[in-house]
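Participant: In UniProt numbering, the protein residues as written are 1 to 254. Have a look at this one.
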């Protein structure tokens with residue numbers, strides 16, 4: 001057992017490495033309780049501070065999450081591979097399939113916390129959608145879960161004038177097969193071009209709670225604008241992704 005610092009590194013790091021290996025090899029599986037401070041103290045003959053630091057290392061890495069009053073648990077998750085060109089292709093939503101089909105495959109995808117309201121848009125949204133000062137937007141907010149784990153928050157803004165008459169379906173909680181892009185297509189405002197901007201940052205308190213993020217886990221903020229063939233902006237979507245649970249994939253010609 002490690003009892004002092006040597007060529008293997010600090011004791012807490014040796015213990016953390018052993019626990020990490022147990023998670024990687026599947027000896028400890030997702031949702032399983034990790035040995036606590038008392039057990040690590042007995043197993044390795046170390047002080048409580050050392051055992052606590054070993055656990056804190058894994059918590060900060062996002063592979064172990066603390067549950068108050070219950071202990072620490074494995075947070076192992078197969079990342080979602082997000083390929084923007086595939087998920088936004090009209091071949092997907094144009095055939096009535098949700099864009100998440102390109103990401104999740106046969107995994108379980110759920111949408112909850114859906115809220116749809118007509119609101120005055122923030123200044124940057126009005127500017128992106130090229131709206132007059134008096135215009136309003138339809139704001140669609142929701143959360144996505146994959147295999148029961150919350151992975152993404154999304155807030156879409158669409159010009160409210162698109163939701164008049166036949167476009168009222170854009171204000172429904174469930175907009176039907178293919179989602180809002182299929183409905184925009186039916187209204188003659190099909191998205192033909194998308195732009196996305198990404199940045200990595202630390203989450204705010206609400207985001208950390210909504211995504212059940214472990215301490216120290218960053219988020220990926222994605223801002224997408226959907227434009228028609230005539231370069232009319234028909235949606236601005238602001239997304240917040242769990243940075244530990246996504247792989248962002250891109251391919252393009254030289």
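By construction, the Cβ of each residue, glycine as well, lies at the ideal position given by its N, Cα and C atoms.
Grab the span of the beta strand (DSSP E) containing residue 152 for me, first residue to last.
Facilitator: Looking at the DSSP string, the run of the beta strand (DSSP E) that includes residue 152 is 149 to 159.
Participant: According to DSSP, what are the bridge partners of residue 83?
Facilitator: 249
Participant: Does DSSP put residue 120 in a helix, a strand or coil?
Facilitator: Correct three-state label for residue 120: coil.
Participant: Out of curiosity, what's the CA-to-CA distance linking residue 251 and residue 128?
Facilitator: 26 Å
Participant: In its own chain, which residues sit with a C-beta less than 6 Å from the C-beta of residue 238, not counting the 5 before and 5 after it?
Facilitator: 155, 223
Participant: Just verifying my parser: in three-state terms, what is the DSSP assignment at residue 190?
Facilitator: Of the three classes helix, strand and coil, the one that applies to residue 190 here is coil, per DSSP.
Participant: Taking Cβ to Cβ, would you say residue 219 is nearer than 8 Å to residue 203?
Facilitator: Yes; because the gap between Cβ atoms is below 8 Å, this pair is in contact.
Participant: With 16 as the cutoff for other CB atoms within 10 Å, does residue 198 come out buried or exposed?
Facilitator: exposed
Participant: Give a single yes or no on whether residue 177 has its beta carbon closer than 7 Å to a heavy atom of the ligand ATP.
Facilitator: Looking at this structure, you won't find the ligand ATP or any other ligand, since it has none at all.
Participant: From 254, 228, 214, 240, pick the residue whose C-alpha is nearest to that of residue 57; which is it?
Facilitator: 214
Participant: Relative to the C-alpha of residue 166, which candidate in 9, 136, 188 has its C-alpha closest?
Facilitator: The candidate whose alpha carbon is nearest that of residue 166 is 188.
Participant: In three-state terms, what does DSSP make of residue 254?
Facilitator: coil
Participant: From the DSSP output, in three-state form, read off residue 47 for me.
Facilitator: coil
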